[in-house]
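Residue numbers (our numbering): -8 to 180. In this text, a Cβ means the ideal position worked out from N, Cα and C, and glycines have one as well.
Encoded structure:
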């Protein structure tokens, strides 16, 4: 293996792993001694510094890791502050609607209404900061209670939960019938 190929292999491995990799393992990857591998890595580190690259190599207790140069942290902070764009699938919207109208509500209550496990949907809504834990229900097992956040109100352009559209009794009955039909279909398949 030529030097450029060895450097490329080391760079690819360190980038993909994302954490420190033992020098011994890296030397096995490129088929060189630990000393030769260390020299290759030190050469890469020095060249990257001279080139002004955004990343560097860090040696920690005979393990190597690719990381961001400290001078680049301000740029990382800028991107971290940029609002994330996300899309809500039908499953997430349905789960969010139930939480918005029934809050505070337990995961089990949401699952009873939807007829399916809601772990993933609720976790994603929490991750998107549309739903949060409000506390625990004073009942056996002390299940978590969920409700919407201020971010939910901002995202959907309402100033309070009272501004959510009201469902007529006819709409509630239609939704209940649809949910029962879906549950029946799921049981049959």
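Within 10 angstroms of the Cβ of residue i, are there 16 or more other Cβ atoms? Answer buried if so, exposed if not.
| i | result |
| --- | --- |
| residue 40 | exposed |
| residue 30 | exposed |
| residue 152 | exposed |
| residue 27 | exposed |
| residue 81 | exposed |
| residue 99 | exposed |
| residue 51 | exposed |
| residue 21 | buried |
| residue 35 | buried |
| residue 1 | buried |
Using 8 Å for Cβ pairs, my map puts residue i next to residue j. What's the rounded Cβ distance?
| i | j | result |
| --- | --- | --- |
| residue 14 | residue 53 | 5 Å |
| residue 91 | residue 143 | 7 Å |
| residue 112 | residue 83 | 5 Å |
| residue 109 | residue 139 | The pair is not a contact, with the Cβ atoms about 15 Å apart (cut-off 8 Å). |
| residue 146 | residue 121 | 7 Å |
| residue 95 | residue 116 | Not a contact, Cβ separation roughly 14 Å. |
| residue 119 | residue 64 | At roughly 26 Å, the Cβ-Cβ gap does not stay under 8 Å, so residue 119 and residue 64 are not in contact. |
| residue 32 | residue 48 | 6 Å |
Looking at the structure shown, is residue i part of a helix, part of a strand, or coil, going by DSSP?
| i | result |
| --- | --- |
| residue 53 | coil |
| residue 79 | coil |
| residue 13 | strand |
Kindly examine the ligand SAM and report whether one of its heavy atoms sits closer than 7 Å to the Cβ of residue i.
| i | result |
| --- | --- |
| residue 156 | Among the components of this structure there are no ligands whatsoever, and the ligand SAM is therefore not found. |
**Study point:** Validate contact between the segment 63 to 70 and the segment 91 to 111 using beta carbons, cut 8 Å, 3 pairs
**Key:** no
Exercise for review: Identify every run of the beta strand (DSSP E) within the segment 92 to 167, keeping only runs that are complete inside it and at least 3 residues long; order them along the chain.
Suggested key: 122 to 127, 135 to 139
**Study point:** Contiguous alpha helix (DSSP H) assignments of at least 4 residues, all confined to the segment 2 to 48
**Key:** 14 to 21, 25 to 42
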